[in-house]
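K.L.:
This is the structure, below, for whatever I ask next.
2 protein chains.
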Amino acid sequence: MAGPISARRHHEDEANVEAVPILEEFIGYNLKRAYMIVQADFRRALGDEGLAPRVFSALALVVQFPNITQSGLARLLGIERSGLVALVDELERRGFLKRTQVRGDRRVQALVATSAGEKALDETLAAVRAHETALLSGLSASEKEVLLTLLQKIRVMEAS
Amino acid sequence: MAGPISARRHHEDEANVEAVPILEEFIGYNLKRAYMIVQADFRRALGDEGLAPRVFSALALVVQFPNITQSGLARLLGIERSGLVALVDELERRGFLKRTQVRGDRRVQALVATSAGEKALDETLAAVRAHETALLSGLSASEKEVLLTLLQKIRVMEAS
DNA sequence: TATTGTTATACTCTATAACTATA
DNA sequence: TATAGTTATAGAGTATAACAATA
Numbered sequence: 014m015a016g017p018i019s020a021r022r023h024h025e026d027e028a029n030v031e032a033v034p035i036l037e038e039f040i041g042y043n044l045k046r047a048y049m050i051v052q053a054d055f056r057r058a059l060g061d062e063g064l065a066p067r068v069f070s071a072l073a074l075v076v077q078f079p080n081i082t083q084s085g086l087a088r089l090l091g092i093e094r095s096g097l098v099a100l101v102d103e104l105e106r107r108g109f110l111k112r113t114q115v116r117g118d119r120r121v122q123a124l125v126a127t128s129a130g131e132k133a134l135d136e137t138l139a140a141v142r143a144h145e146t147a148l149l150s151g152l153s154a155s156e157k158e159v160l161l162t163l164l165q166k167i168r169v170m171e172a173s
Numbered sequence: 014m015a016g017p018i019s020a021r022r023h024h025e026d027e028a029n030v031e032a033v034p035i036l037e038e039f040i041g042y043n044l045k046r047a048y049m050i051v052q053a054d055f056r057r058a059l060g061d062e063g064l065a066p067r068v069f070s071a072l073a074l075v076v077q078f079p080n081i082t083q084s085g086l087a088r089l090l091g092i093e094r095s096g097l098v099a100l101v102d103e104l105e106r107r108g109f110l111k112r113t114q115v116r117g118d119r120r121v122q123a124l125v126a127t128s129a130g131e132k133a134l135d136e137t138l139a140a141v142r143a144h145e146t147a148l149l150s151g152l153s154a155s156e157k158e159v160l161l162t163l164l165q166k167i168r169v170m171e172a173s
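Structure (C-alpha cells):
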C-alpha cells in the first residue's frame, strides 16, 4: 500500500464508503455535534444584536432568582466566578440588571434585573423557544422530553 | 424593593429557592451542560499526554477511512478546512499519520494512518470507552442507546 | 472559475492564578 | 484563614478571508 494512490478513489477508501464511523458509538462525540448545531442556530436566530446563549442563560437566572450573587450565579451556571464578570458587565451595560450592595456583607454584590431586563428576557425567551421549535421540528414532544431528561440525568450524576 | 437587601437572604430569593430554572426547558442549555461535563471528564481521563477529543475524533476517522483528504475529513467532522491543519499537524508530529501525494491531483494530500497511529487509536478507544462507561454508569444501556439516537437525529435533521 | 491546503487573524468561551477588600 | 468580586493571562476551538498551486 506504499506510494501514491489513484485519484479515482482519493475521497474515501472504497471498502469503507458505507461504513458508520466508530465515533458514532460515543455519547461525547454526539453531544458535541448536536450542541454545535443548536448553538449555531441559536446565534443565527437571535442575530448580531441578540443575546449570546450564555448571556441569555445568566439573564434568565437573574430574573428568576433576584438578588443572586455572582458566586451563586456562577455555581448555577457551572462556570468559574472570573468568567462571570464580563458577562454581568454586558448585562449591566445593556441596562438589564444592576449590581447592588448587600447590607451586612460588603464583599457581595447582589444582582437585580431591571424592568428592561425582564422585558428583554420575555422577548428573548420567545425567540429562543421559536428557534428550538423550528430547529427541532423533527423531534416529537415526547422525544424532546426524553432527551431533556437524559441530559439532565448526566448533570445530576456528575453532581453526586 | 429598593435599597440594600438583608444579608440573611442574599444568596437566593426565598420565594424561589426551590424553583426549577426556566432554562431547564431548553435543549440547547441542557446539551451544553452535559457536553461540558463529558468533555471535561474525557480530558481528565486521558491526561495531559492523551489525545484531546477532537484529535481523537480525527484519528479515528483517518484510521477507518484510509486516504481521506483533509477536506473530506473536515466535512465528516463538521468543521472548516482551516481548522484541520493544526489538528493534522499534531497527528503527524506524533507519528500517527502521514500526508501522502495523490496521483492525478497534486492539490490533494491523502491522510494515511501509521501503525503507531492504529495502535494509539486502539489504546485511546479503550480509554474513551472506559471513561464513558464510568462517567455514565447512571444511565442504562437502553437509555444510552436512546440518547445516542436522539442526538444523531438532531444532526441528520440539520443536514437536510 | 473552482478546489485544496494553507496562513493570518480574530472572536468566543473557559480556566488558573493572583490581587483587594472584606469577613 | 476564608470568601466575593475582580483582573491578567493563557489556552482551546472555531470562523472568515485571502493566498498559491492546481484543476
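Read top to bottom, the protein sequences are chains A and B. In terms of our numbering, the first sequence has 159 at position 146, counting the first letter as 1, and numbering is strictly consecutive. In terms of our numbering, the second sequence has 54 at position 41, counting the first letter as 1, and numbering is strictly consecutive. Think of the CB as a built atom: it goes at the ideal place given N, C-alpha and C, for glycine as much as any other residue. Since the structure is predicted, the reported quantities are computational estimates derived from the model, not experimental observations.
(1) Name the chain B residues that come within less than 7 angstroms of residue 47/A, Cβ to Cβ?
(2) Quick check: the Cα distance between residue 81/A and residue 100/A, rounded to an integer number of angstroms?
(3) Using a Cβ-Cβ cut-off of less than 7 angstroms, give me the residues of the stretch 143 to 165 of chain B that come near chain A, in sequence order.
(4) Relative to the C-alpha of residue 40/B, which candidate in 57/A, 154/A, 71/A, 173/A has its C-alpha closest?
(5) Threshold first: 4 residues or longer. Then list the alpha helix (DSSP H) segments lying entirely within the stretch 27 to 99 of chain B, N to C.
(6) Taking residue 110/A as part of the beta strand (DSSP E), name the residues at either end of that continuous run.
(7) Do you know whose CA, among 150/B, 125/B, 72/B, lies nearest residue 35/A's CA?
(8) With a cut-off of 8 angstroms on the beta carbons, I'd call residue 69/A and residue 144/A a contact; round off their distance for me.
(9) Here's the rule I'm using: 16 or more other beta-carbon atoms within 10 Å means buried, otherwise exposed. How should residue 33/B be labelled?
(10) From which residue to which residue does the beta strand (DSSP E) around residue 124/A run?
(11) Can you give me the C-alpha to C-alpha distance between residue 86/B and residue 138/B, rounded to a whole angstrom?
(12) For residue 36/B, decide whether its Cβ has a neighbour in chain A, counting only Cβ atoms nearer than 8 angstroms.
(13) Is the Cβ of residue 32/A closer than 8 angstroms to any Cβ of chain B?
(14) Please report the Cβ distance between residue 109/B and residue 133/B, rounded to the nearest whole angstrom; I am assuming they are in contact, meaning their Cβ atoms lie under 8 angstroms.
(15) Using the Cβ count rule (16 or more neighbours within 10 Å means buried), how would you classify residue 125/B?
(16) Considering Cα atoms alone, identify which of 48/B, 61/B, 103/B, 59/B is closest to residue 130/B.
(17) At a CB distance below 7 angstroms, what residues from the stretch 52 to 73 of chain B approach chain A? Give them in sequence order.
(18) Going along chain A, which residues have a C-beta under 9 angstroms from residue 98/B?
(19) To the nearest angstrom, how far is the alpha carbon of residue 75/A from that of residue 152/B?
(20) What residues in its chain sit with their C-beta under 8 angstroms from that of residue 66/A, if we drop five residues either side in the sequence?
(21) Which same chain residues end up closer than 7 angstroms to residue 106/B when comparing Cβ atoms and leaving out the 5 residues on each side of it in sequence?
(22) By DSSP, does residue 168/A sit in helix, in strand, or in coil?
(23) State the CB to CB distance for the pair residue 44/A and residue 48/B, rounded to an integer number of angstroms; the pair is presumed to be in contact (CB under 8 angstroms).
(24) Any Cβ of chain A within less than 8 angstroms of the Cβ of residue 109/B?
(25) Just how far apart, CA to CA, sit residue 169/B and residue 149/B?
(26) Consult DSSP for residue 138/B and reduce its assignment to one of helix, strand or coil.
(27) How is residue 152/B classed by DSSP in three states: helix, strand or coil?
(28) Is the CB of residue 171/A under 8 angstroms away from at least one CB in chain B?
P.N.:
Checking against the coordinates, here is how it stands:
(1) Correct list: 44, 164, 167, 168.
(2) 14 angstroms
(3) Correct list: 145, 149, 151, 152, 156, 157, 159, 160, 161, 163, 164, 165.
(4) 154/A
(5) With a minimum length of 4 residues, the continuous alpha helix (DSSP H) runs that stay inside the stretch 27 to 99 of chain B are 40 to 59, 66 to 77, 83 to 90.
(6) 110 to 116
(7) Among 150/B, 125/B, 72/B, the Cα nearest to that of residue 35/A is on 72/B.
(8) In fact, because the Cβ distance is near 11 angstroms, the residues do not count as touching under 8 angstroms.
(9) Looking at its Cβ environment, which holds fewer than 16 other Cβ atoms inside 10 Å, residue 33/B is exposed.
(10) 122 to 126
(11) 19 angstroms
(12) yes
(13) yes
(14) 5 angstroms
(15) buried
(16) 103/B
(17) 52, 55, 66, 70, 73
(18) By Cβ distance, chain A contributes nothing, its closest Cβ being about 18 angstroms from residue 98/B, past 9 angstroms.
(19) 32 angstroms
(20) 52, 55, 56
(21) none
(22) helix
(23) 4 angstroms
(24) no
(25) 24 angstroms
(26) helix
(27) coil
(28) Yes, residue 171/A lies at the interface with chain B (some Cβ there is under 8 angstroms from its Cβ).
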